[in-house]
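Right, one structure below, let's go through it.
2 protein chains.
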Amino acid sequence: MDVKSKIGIRIKELREQKNMSQKDLAYSADLDRSYIASVENGQRNISIVNIEKVSTALGVTLKEFFNNGKFDNNSTGS
Amino acid sequence: MDVKSKIGIRIKELREQKNMSQKDLAYSADLDRSYIASVENGQRNISIVNIEKVSTALGVTLKEFFNNGKFDNNSTGS
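Going line by line, the protein sequences match chains A and B. So for the first sequence, full-length UniProt numbering puts the first residue at 1; every next one is plus one. So for the second sequence, full-length UniProt numbering puts the first residue at 1; every next one is plus one.
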């Protein structure tokens, strides 16, 4: 699985755990809802500033965001 | 400290631990050396695909990359 898809799944997972809609998340992250939808669909090569905005809106640090099995192996590497 | 600076410092830290030059890192990450230099200087809003390329070249997973005190607190958040 490529990293864009991993990020999308992780965001959706955290968002649903918090019972937030994409609209809620977009509002509190100060991003467009359509952008959130495309990120969750693995269609965006999201930047670190936006990953941090989304993480903050989801109530997790970047450390917590990436502390997940999906990120135990890099997609491009071995 | 903003997240771009945190990322830059983390990359430099890992690179130096591995005794790699910016040129070495750029070569194995398949990125430009000048790009690596500007990322390390906190001047780039680096994308997740490039963070993963750099992490792979540094021999760490994304989980390991962000498993660092710098990422215990989000810059934009509380």
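Quick reminder that beta carbons are idealized off the backbone N, C-alpha and C, glycines included.
The beta carbon of I36/A lies closer than 8 Å to those of I11, Q22, L25, A26, A29, V54 in the same chain, with the five residues before and after it left out.
Listed along the chain, the chain B residues whose CB falls inside 8 Å of the CB of I51/A are I48.
Contacts between L62/B and chain A, judged by CB atoms closer than 8 Å, involve V3, F66, F71, N74 in chain order. Judged by their CB atoms, K63/B and F66/A are nearer to each other than the 7 Å cut-off.
In this model, L14/A and N73/B are separated by some 17 Å (Cα to Cα). CA-CA distance, G59/A to M20/A, rounds to 11 Å. By the criterion of a C-beta distance shorter than 7 Å, E52/A is surrounded in its chain by L62, once the five residues flanking it on both sides are discounted. Under the 10 Å beta carbon count, G8/A is surrounded by 16 or more other beta carbons and is classified as buried. Taking a 10 Å sphere around the C-beta of N50/B, we find 16 or more other C-beta atoms and assign the residue as buried.
If you draw a straight line from the Cα of N41/A to the Cα of Q17/A, it is about 17 Å long. Neighbours of I7/A in chain B, taken as residues at a C-beta separation under 9 Å, are given in chain order as I48. Judged by beta-carbon spacing, N45/B lies within the 7 Å limit of S47/A, meaning their Cβ atoms are closer than that value.
Cβ contact annotation for D32/A (same chain, cutoff 8 Å, sequence separation greater than five): A26, in chain order. Scanning its chain for C-beta atoms nearer than 6 Å, with the 5 sequence neighbours on each side dropped, one finds around S38/A the residues R44, in chain order. Taking CB atoms only, N19/A has no neighbour in chain B less than 7 Å away. When the beta-carbon positions are compared, K6/A and K70/A come within less than 7 Å of each other.
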